[in-house]
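Engineer:
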């Protein structure tokens, strides 16, 4: 290998320079900057480089497996012997702090669509008002977006009503509707990079997560419901007497939908997919924190041939645009994903207007139960994922980690080590596992809960503070010795805070897991099928993952028990939320009796 390539044979035990921006060893400093990325030399790091450790036959050891999970630019920072622990600590410090210190990566996309999408056109709000949408990495303004309010909601509802009553969409053959949905899915798939960039920029979620997990799931969901469009039908019903009885499954009409900020475009697909497959028209309000991806996809709806007025997208705030949509007398049904408190308000507005039906997917405080026979290493990794995925901003996050007392101490130590290993930084940078929280409000809320955990007597194992000085980054936080009555064990934190609780037996943990107002999801880790069956029936939640977590598919229904919501989304079950059943009875003069 040539000069500057890291040849094992030519540079033993030398001191080289490590660039904290690009991670490369800079052998030539040009004008006090890294020769690879031009980063100032004052920010470069010195390190000793040796191949001795890496040449040893440690392939099967836990240490080598650990090294393989450290980003490439830090693997050569390890040396065997008494200094290895110091080197490991330094590497972890760089993996979490270095990305925060550098300037944020500039997204390679222009924000073109910031107006309301009504009746197939992008239009300004009636008031002319706009509001800023912010970059969670910095708190800086990305763009100013049209602020829809009562008048704009009314314009959108009128467009949707005309499209339903007079337009081609409900009268179109189910096969033709399915072709439009397939085209929408194809266009989203085609524009994966642009959409993923907007979603990451606007929400702070990892680019790789959006591009490789969320958008493929969005495409899958839309194709799933495209396939359902021509398979929705009624039935013939036997009845006493000379009558022919049949049922018709018909679209409800104009559907109002409100989506959250934690999975903006994924929830967009969850909502419009079944609604359109059934022949409804839609007025959808985005979350004010994350309007950009839905507005971009609105353009693709036009390209796919969706008739004017079938889907209308309004960016705005809950107390104005959201309340107007929920209380509108010409909206026939509502679907909402968000907090339980807001869900209560929406139900009240729906009841006090035209008694429209409501589908709600609300908050959760999901238990993640690790039994005494579980594979501890595997359970630690899944529990970590269950809580920290998407910065902990998941309604179904496994935010109460219950661990059997016989393995509790081992689990806590390994959970702490895994959290320390977690890389936090710019969501556009490959290799990072965690980006910033969505907003300053959510950022402060999470830090407040962390302080509450400390004050209430829980043991702070790691984390507990912000990371860096810019943006809304929080250190991965782990608490042990958590009690059921602590706020961190009862409230939905919606952040990277893992609470680990101890239990003695199955009956006890079932009782404690169910002692909450929520009932969205749960995870159970055990090797015993009888134990799994016991938990499966005893836990009062809408979804249970056994020896896994956060497994979603277009065909799997999702929704909660108790105050985690009502109705189901995804799968065949969601279609029922967007259909009405009509019974048709026809008198027969000469019935054909068999």
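In my numbering, the protein residues as written are 14 to 607. Note that the Cβ used here is the ideal one computed from N, Cα and C, for glycine as well. None of these values were measured; they are calculated from a predicted model.
Following the continuous alpha helix (DSSP H) through residue 453, name the residue where it begins and the one where it ends.
Structural biologist: Counting from one through the chain shown, the residue named residue 453 turns up at place 440. It spans 453–468 - the alpha helix (DSSP H) in which residue 453 sits, taken as one unbroken run.
Engineer: Which residues in the same chain as residue 401 place their Cβ atom closer than 8 Å to its Cβ, once the five residues preceding and following it in sequence are excluded?
Structural biologist: Counting from 1 along the chain shown, the entry for residue 401 is found at position 388. Excluding sequence neighbours, residue 401 sits near 432, 435, 446, 447, 489, 509 and 511.
Engineer: Taking the continuous beta strand (DSSP E) assigned at residue 295, which residues delimit it?
Structural biologist: Counting from one through the chain shown, the residue named residue 295 turns up at place 282. Note, residue 295: beta strand (DSSP E), 294–299.
Engineer: My understanding is that residue 453 touches residue 302, with C-beta atoms under 8 Å, so please give their C-beta distance in whole angstroms.
Structural biologist: Position 440 of the chain shown, counted from the first residue, corresponds to residue 453. Position 289 of the chain shown, counted from the first residue, corresponds to residue 302. With 8 Å as the limit, residue 453 and residue 302 do not qualify as a contact, their Cβ atoms being about 11 Å apart.
Engineer: Nearest-angstrom Cα distance between residue 601 and residue 248?
Structural biologist: Residue numbering aside, residue 601 sits at position 588 when the chain shown is read from its first letter. Residue numbering aside, residue 248 sits at position 235 when the chain shown is read from its first letter. Cα-Cα distance, rounded: 18 Å.
Engineer: Excluding the five sequence neighbours on either side, which residues of its own chain have a C-beta within less than 7 Å of the C-beta of residue 194, listed in chain order?
Structural biologist: Numbered from 1 along the chain shown, position 181 holds the residue referred to as residue 194. Once the five neighbours on either side are set aside, the close Cβ partners of residue 194 are 235, 238, 239, 242, 289 and 290.
Engineer: Counting only runs that start and end within the stretch 255–316, where is the beta strand (DSSP E) found for 3 or more residues in a row?
Structural biologist: Entirely contained in the stretch 255–316, the beta strand (DSSP E) runs reaching 3 residues are, in chain order, 256–264, 267–271 and 294–299.
Engineer: Pairing CB atoms from the stretch 392–409 with CB atoms from the stretch 587–604, are three or more of them under 8 Å?
Structural biologist: No: fewer than three Cβ pairs fall under 8 Å.
Engineer: Identify whether residue 161 lies in helix, strand or coil by the three-state DSSP scheme.
Structural biologist: As a working mapping, residue 161 is identified with position 148 in the chain shown. Residue 161: strand per DSSP, three-state reduction.
Engineer: Among the residues of its own chain, which have a CB less than 6 Å from the CB of residue 120, if the five just before and after it don't count?
Structural biologist: Along the chain shown, one-based indexing puts residue 120 at 107. 210 and 214, listed in sequence order.
Engineer: Rounded to whole angstroms, how far is the Cβ of residue 375 from the Cβ of residue 578, which I believe are closer than 8 Å?
Structural biologist: The residue given as residue 375 occupies position 362 in the chain shown. The residue given as residue 578 occupies position 565 in the chain shown. Their Cβ separation, rounded to whole angstroms, is 4 Å, which keeps residue 375 and residue 578 in contact under 8 Å.
Engineer: What residue range is occupied by the uninterrupted alpha helix (DSSP H) comprising residue 216?
Structural biologist: Translated into positions along the chain shown, residue 216 becomes position 203. Residues 205–216.
Engineer: Could you compute how far the alpha carbon of residue 349 sits from the alpha carbon of residue 297?
Structural biologist: Numbered from its first residue, the chain shown carries residue 349 at position 336. Numbered from its first residue, the chain shown carries residue 297 at position 284. Their backbone Cα atoms lie some 10 Å apart in a straight line.
Engineer: DSSP state of residue 440, grouped into three classes?
Structural biologist: Position 427 of the chain shown, counted from the start, is the residue given in the question as residue 440. Three-state DSSP puts residue 440 in coil, outside helix and strand.
Engineer: Quick test of your reading: residue 425 and residue 513, contact by CB under 8 Å. State the CB separation rounded to the nearest angstrom.
Structural biologist: In the chain shown, residue 425 corresponds to position 412, counting from 1. In the chain shown, residue 513 corresponds to position 500, counting from 1. So it is a contact: roughly 6 Å between Cβ atoms.
Engineer: What residues are listed by DSSP as bridge partners for residue 519?
Structural biologist: Position 506 of the chain shown holds residue 519. DSSP output for residue 519 lists no bridge partner at all.
Engineer: If I measure Cβ to Cβ from residue 262 and keep anything under 7 Å in the same chain, skipping five residues before and after, which residues do I get?
Structural biologist: Counted from its first residue, the chain shown places residue 262 at position 249. 245, 246, 247, 592 and 594.
Engineer: Identify whether residue 142 lies in helix, strand or coil by the three-state DSSP scheme.
Structural biologist: By one-based count along the chain shown, residue 142 stands at place 129. Residue state, collapsed to three classes: coil.
Engineer: Rounded to the nearest angstrom, how far is the Cβ of residue 334 from that of residue 162, given a contact under 8 Å?
Structural biologist: Taking the chain shown and counting its residues from 1, the one referred to as residue 334 is at position 321. Taking the chain shown and counting its residues from 1, the one referred to as residue 162 is at position 149. With a Cβ gap of about 6 Å, residue 334 and residue 162 count as contacting.
Engineer: Check the C-beta distance from residue 417 over to residue 516 and give it rounded, since I have them as a contact under 8 Å.
Structural biologist: Walking along the chain shown from the start, residue 417 turns up at place 404. Walking along the chain shown from the start, residue 516 turns up at place 503. So it is a contact: roughly 6 Å between Cβ atoms.
Engineer: Do you know how far the Cα of residue 442 is from the Cα of residue 217?
Structural biologist: As a first step, residue 217 must be located in the chain shown, where it is residue number 204. As a first step, residue 442 must be located in the chain shown, where it is residue number 429. Near 12 Å, if we compare the C-alpha coordinates of residue 442 and residue 217.
Engineer: How close, in whole Å, do the beta carbons of residue 149 and residue 449 come, if the pair is a contact with beta carbons under 8 Å?
Structural biologist: Counted from its first residue, the chain shown places residue 149 at position 136. Counted from its first residue, the chain shown places residue 449 at position 436. Residue 149 to residue 449, Cβ: 4 Å. Contact.
Engineer: Could you pull the DSSP bridge partners for residue 559 from this structure?
Structural biologist: Within the chain shown, numbered from 1, the residue matching residue 559 stands at position 546. Its beta-bridge partners are 537.
Engineer: Would you report the Cα separation of residue 132 and residue 540, rounded to the nearest angstrom?
Structural biologist: Mapped onto the chain shown, residue 132 falls at position 119. Mapped onto the chain shown, residue 540 falls at position 527. Cα to Cα, residue 132 sits roughly 55 Å from residue 540.
Engineer: In angstroms, rounded to a whole number, what distance separates the CA positions of residue 566 and residue 589?
Structural biologist: Here residue 566 corresponds to residue number 553 of the chain shown, with the count starting at 1. Here residue 589 corresponds to residue number 576 of the chain shown, with the count starting at 1. Near 18 Å, if we compare the C-alpha coordinates of residue 589 and residue 566.
Engineer: Starting from residue 134 and walking both ways along the beta strand (DSSP E), at which residues does that stretch end?
Structural biologist: Taking the first residue of the chain shown as position 1, residue 134 is located at position 121. Its beta strand (DSSP E) spans residues 134–136.
Engineer: Roughly how far, in whole angstroms, is the beta-carbon of residue 200 from the beta-carbon of residue 317, given that I think they are within contact range, below 8 Å?
Structural biologist: As a first step, residue 200 is located in the chain shown; it is residue number 187 there, counting from the start. As a first step, residue 317 is located in the chain shown; it is residue number 304 there, counting from the start. Contact flag correct, Cβ pair sits at about 6 Å.
Engineer: Less than 9 Å separating the beta-carbons of residue 499 and residue 526?
Structural biologist: Taking the chain shown and counting its residues from 1, one reaches residue 499 at position 486. Taking the chain shown and counting its residues from 1, one reaches residue 526 at position 513. No.
Engineer: In chain order, what residues of the same chain lie with their CB nearer than 7 Å to the CB of residue 314, ignoring the 5 residues before and after it?
Structural biologist: For this step, residue 314 is matched to residue 301 along the chain shown. Answer for residue 314: 197 and 324, listed in chain order.
Engineer: Counting only the same chain and skipping the five closest in sequence on each side, list residues whose C-beta sits under 6 Å from that of residue 476.
Structural biologist: For the purposes of this step, residue 476 is taken as residue 463 along the chain shown, with counting starting at 1. Correct list, in chain order: 488, 489 and 490.
Engineer: DSSP has residue 482 in a bridge; who is on the other side?
Structural biologist: What you label residue 482 is simply residue 469 of the chain shown in a count that begins at 1. The partner list for residue 482 (beta bridge, DSSP) is empty, contrary to what the question assumes.
Engineer: Could you check how far apart the C-beta atoms of residue 307 and residue 294 are, in whole angstroms? I think they sit under 8 Å.
Structural biologist: On the chain shown, position 294 is the one that residue 307 refers to. On the chain shown, position 281 is the one that residue 294 refers to. In fact, because the Cβ distance is near 16 Å, the residues do not count as touching under 8 Å.
Engineer: Cβ atoms of residue 554 and residue 574: under 9 Å apart, would you say?
Structural biologist: As a position in the chain shown, residue 574 is number 561, starting the count at 1. As a position in the chain shown, residue 554 is number 541, starting the count at 1. Yes.
Engineer: Span of the beta strand (DSSP E) holding residue 492?
Structural biologist: Position 479 of the chain shown, counting from 1, holds the residue named residue 492. From DSSP, the beta strand (DSSP E) with residue 492 extends over 490–493.
Engineer: Pull up the distance between the alpha-carbon of residue 357 and that of residue 339, whole angstroms please.
Structural biologist: Looking up residue 357 in the chain shown gives position 344. Looking up residue 339 in the chain shown gives position 326. Going from the Cα of residue 357 to the Cα of residue 339 covers about 12 Å.
Engineer: Just the Cα atoms here: how many angstroms apart are residue 310 and residue 128?
Structural biologist: Counting from 1 along the chain shown, the entry for residue 310 is found at position 297. Counting from 1 along the chain shown, the entry for residue 128 is found at position 115. Their backbone Cα atoms lie some 13 Å apart in a straight line.
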